[in-house]
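Enquirer:
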Amino acid sequence: MKRSDLRHKLLQVVLALVLVAFGYGLRYLTARPSLESLTGLRTKVITVTKGSLRTLVSTTGLIQPTQQQSVSFLENGIVQYVDVTPGQRVTRGQILASLDSTDLQAALTQAQA
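Straight run, no breaks: the sequence shown in this note's numbering ends on number 138.
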């Protein structure tokens, strides 16, 4: 065999090996494992749409008010009524509760007699 024929055959073998290596490299890069095979979770691709979402959330924990104010009466007595509910907004000067004035009225009548 001639020397040029030997070079030609060697070039063909090298080119074939390069093509085979390129093929295996391309297959390795494009054949990534799926998310399902890695995690065991099945996935589904869906199109996102805009809409309203109604969800009920149930939880436990402590609720802290943003503002809190202590109130008190000038005199001791029995509360006759409370005119507000927890969480209701109130304004300055609004009557929140009233004491039973029966004992005070009796004391006033006795003092005036």
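Idealized CB from N, CA, C, for every residue including glycine.
1. State whether the stretch 91-105 contacts the stretch 121-137, with contact taken as three or more CB pairs (one from each stretch) at a distance under 8 Å.
2. Do Val115 and Val107 come within 7 Å of each other at the CB atom, strictly closer than that value?
3. In this structure, does DSSP put Ala131 in helix, strand or coil?
4. In this structure, does DSSP put Ser62 in helix, strand or coil?
5. Nearest by alpha-carbon distance to Lys69: which of Thr55, Ala56 and Glu61 is it?
6. Per DSSP, Leu124 is paired with what?
7. For the alpha helix (DSSP H) containing Arg28, name the first residue and the last one.
8. Taking just the CA atoms, how far does Tyr49 sit from Gln37?
Expert: From the atom records:
1. Three or more pairs of CB atoms, one per stretch, sit closer than 8 Å, so the stretch 91-105 contacts the stretch 121-137.
2. Not in contact: Val107 and Val115 (Cβ atoms no closer than 7 Å).
3. Ala131: helix per DSSP, three-state reduction.
4. Under the three-state reduction of DSSP, Ser62 is assigned to helix.
5. It is Glu61.
6. Partner(s): Val104.
7. In this chain, the alpha helix (DSSP H) harbouring Arg28 covers Arg28 to Thr55.
8. In this structure, the straight-line span from the alpha carbon of Gln37 to that of Tyr49 is close to 18 Å.
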